[in-house]
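Read through the structure below, which is laid out as structure tokens, and then see the notes.
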Amino acid sequence: MLSSATSSPASSVYSPSPSPSNGSWVQELSHDQQSVRLIGLLYQCAAEVSAGSFDRANLCLEHITQLASLDAPHALQRLAAVFADALARKLLNLIPGLSRALLSSANSADAHLVPVARRHMFDVLPFLKLAYLTTNHAILEAMEGERFVHVVDFSGPAANPVQWIALFHAFRGRREGPPHLRITAVHDSKEFLANMAAVLSKEAEAFDIAFQFNAVEAKLDEMDFDALRHDLGVRSGEALAVSVVLQLHRLLAVDDGRSHAATGCLTPDDMLSSATSSPASSVYSPSPSPSNGSWVQELSHDQQSVRLIGLLYQCAAEVSAGSFDRANLCLEHITQLASLDAPHALQRLAAVFADALARKLLNLIPGLSRALLSSANSADAHLVPVARRHMFDVLPFLKLAYLTTNHAILEAMEGERFVHVVDFSGPAANPVQWIALFHAFRGRREGPPHLRITAVHDSKEFLANMAAVLSKEAEAFDIAFQFNAVEAKLDEMDFDALRHDLGVRSGEALAVSVVLQLHRLLAVDDGRRHAAAGCLTPLGSFLSAVRSLSPKIMVMTEQEANHNGGAFQERFDEALNYYASLFDCLQRSAAAAAERARVERVLLGEEIRGVVACEGAERTERHERARQWAARMEAAGMESVGLSYSGAMEARKLLQSCGWAGPYEVRHDAGGHGFFFCWHKRPLYAVTAWRPVASRRGHTRS
């Protein structure tokens, strides 16, 4: 692959260095030596970026990312990782299509975290507290003796009601008493302004201060300054004070960007010609097609949709062929038609796929890729659990999976007095599923069994919460219950010790549930080719271990799609059509825009990136169709367990009761071997059930 990469049109971007690049040199350095080396590499990288030396800058980034990490224990390492990301973004500006396709999604994920991070900074560091205190003191002195005071807060994202509550307190202590006070806050979030108004009005009432709040929904750098008096509601007879915290510098950016004609600064065309004459010029070859987006306005919505689909397929073909410059040009055109905030599902889908294609293309430039994507992935990771909850709320698929899994377990456990359920669903696990099972067991003629649930998850916090919720519900249902937590990821478990780790006991009827996780073991299969042909693969090891536990039933839910093909073009085609259906579901759902955006960008976006952008062991999203899974399960010594018609009826009732009937459908296959959850007749998820074949005792490779 290295020779392929260096012979591609991107070869001038990355010239392999004789220095070791596998990170072994890092182990030879002490911590102090690593720190010195890191500082030197950062300065060197900045110099190379400034000089436009793309290949040398990329090599610096490659070495920096071997020394630095966002999760490192030392501050310098974390600082270096953040600066590496910033340098990579500046370097990427030389490749416009790739840059826009990639950074729009990364910035979108980061934006959700900024307000939370700012609150954390206020809590743990003194600087904002000091700024608010000294600002208030200056206002208090300036307003001595004034009876009518108007304070305008231009701090925007750095604004905090705490500052003005402190000012209430200070004004209350004046010898002449507090003034009639009006505060005008400028912020681009209607929600923030409404909350600020409520908080300050309540506090002003408590301080017995005559108070009025005025909200201006705007960004400072987008306001019409000629209409400032009107917009702020400035009145004669009021003493005016203005506060601006950490925002005024943003107007320098606007000044810099709007001063072409008057000061002789570079125009956009000058900047383009400068970029294309740099050492990175072979990466991006300008097309004679208009690139300022004017051509988009000439197309109808339907024409834009057709053009967008064609561009996505063309881009995938160029990426597959290693045509860096042509792929980048496709991305540039896609980003003029598509956006994560667009009103139409296809435009948003295209923006997510453009991001995935850009990531795959970026793999040709290792240093830049690692420096840039580590921070983007870190931001996304915090949002995945929230996005998964939104998907559960707004789409029926997970509800149907939990319901039909429970129904199959209930039927398999008929008459059993001691039942042990093992939940391998990890990030897709939800206590709601097992609360529903409590209810089902409670309704049995013979009463509920003694029930034990073992959950495998890599979050101690999630497991603790699940234990508390289920224990409380079991007590309410009067069910003898025990919860067992296993802190682990499915693909990192020691399957040879599975019986011990899960606490499987004789005398208990065992059921296994796996929702949207089993395909991850196929990724490990691909990344760890064993020397001996007879060795079990990780999937084979897992199924062999499960078979040895003799469960009465193992129920699995998987995406009904073939995203594990070796040919990239086929994989891309399958993924584009599959996720187009899911985006369509979300578009037609009752989801709030913010909830829908999180599901599309974070949860489905993560899957799409896994299918399109990753290879080898990193490609964890290896979904397969039910018939492919059937072949794997049978080869591992498992046999199908029929799923009853009554389970299908229960699932259809759920769709009816939630108002999802119509475009959604539950299909029961002819042999009764699986349930398929469909959108407009297209199967999107499948539930199947299995048990060990009684006559199979040997270990077979899956």
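With the numbering used here applied, the sequence shown covers 8 to 709.
Note that CB positions come from ideal geometry on N, CA and C, so glycine has one too.
Just so we're clear, the structure is a prediction, and the values are computed from it rather than from any experiment.
- Two segments are said to touch when three or more pairs of C-beta atoms, one from each, lie closer than 8 Å; by this definition the region 518-526 touches the region 416-423.
- Taking 4 residues as the minimum length, the alpha helix (DSSP H) runs contained wholly in the region 230-260 are 235-239, in order along the chain.
- With a beta-carbon spacing of about 11 Å, L74 and R85 fall beyond the 8 Å limit used to define contacts.
- Looking at V33, T342, R96, the one whose alpha-carbon comes closest to that of N65 is R96.
- Apart from sequence neighbours up to five positions away, the residues of its chain that approach V562 with a beta-carbon distance below 6 Å are T412, A415, S520, A696, ordered along the chain.
- One thing to note: F445 has its Cβ no nearer than 8 Å to the Cβ of P456.
- Under the DSSP assignment, G679 falls outside any beta strand (DSSP E); it carries neither an H nor an E label.
- Looking from the CA of D503, the closest CA among F484, A165, G547, V522 belongs to G547.
- Comparing alpha-carbon positions, the option among R314, E602, N491 lying closest to F431 turns out to be N491.
- Counting C-beta pairs closer than 8 Å gives fewer than three between the region 651-671 and the region 625-636, which falls short of the contact rule.
- In chain order, L338, T342, A361, D362, A365 place their CB closer than 6 Å to the CB of A108, counting only its own chain and leaving out the 5 sequence neighbours on each side.
- Under the three-state reduction of DSSP output, F490 falls in the strand class.
- Membership of A633 in the alpha helix (DSSP H) is indicated by the continuous run 633-642.
- Taking C-alpha positions only, P545 is separated from R527 by approximately 10 Å.
- Going by DSSP, M473 is part of the alpha helix (DSSP H) stretching over 467-484.
- Ranked by Cα distance from A222, the options H194, A91, G678, I172 are led by H194.
- Counting only residues of its own chain and dropping the five nearest sequence neighbours on each side, A378 has a CB closer than 6 Å to the CB of L68, T72, A91, D92, A95.
- Of V159, F129, K197, the smallest CA-CA separation from L239 is found for V159.
- In this structure, D228 and R257 form a Cβ contact; the two beta carbons are roughly 5 Å apart against a cut-off of 8 Å.
- For W697, the secondary structure class from DSSP, reduced to helix, strand or coil, is strand.
- A distance of 8 Å or more separates the beta carbons of R242 and I216.
- Under DSSP, E672 takes part in a beta bridge, and its partners are C685.
- The Cβ atoms of R314 and L336 lie no closer than 8 Å to each other.
- Burial is judged here by how many other beta carbons sit within 10 angstroms of a residue's own beta carbon; M656 has fewer than 16 and is exposed.
- Shown here, T544 sits in coil according to DSSP, grouped into three states, outside any helix or strand.
- Selection P373, A462, S651 evaluated against A677 yields S651 as nearest (Cα-Cα).
- Residue burial annotation: P558 is buried, with at least 16 other C-beta atoms found within 10 angstroms of its C-beta.
- In the three-state reduction of the DSSP assignment, R189 falls in the strand class, which pools E and B.
- At a cut-off of 4 residues, the continuous stretches assigned as alpha helix (DSSP H) that sit fully inside the region 340-400 are 352-369.
- Secondary structure of E565 (DSSP, three-state): strand.
- Here D430 is bridged, per DSSP, to A462, S520.
- The criterion of a C-beta distance shorter than 8 Å is satisfied by L347 and A358.
- Taking 8 Å as the upper bound for CB-CB distance, F161 and G244 are not in contact here, some 22 Å apart.
- Under the DSSP assignment, A79 falls outside any alpha helix (DSSP H); it carries neither an H nor an E label.
- For W667, same chain residues with a beta-carbon under 7 Å away, outside a window of 5 residues either side, are P403 in chain order.
- For H680 and R125, the gap between their C-alpha atoms comes out near 52 Å.
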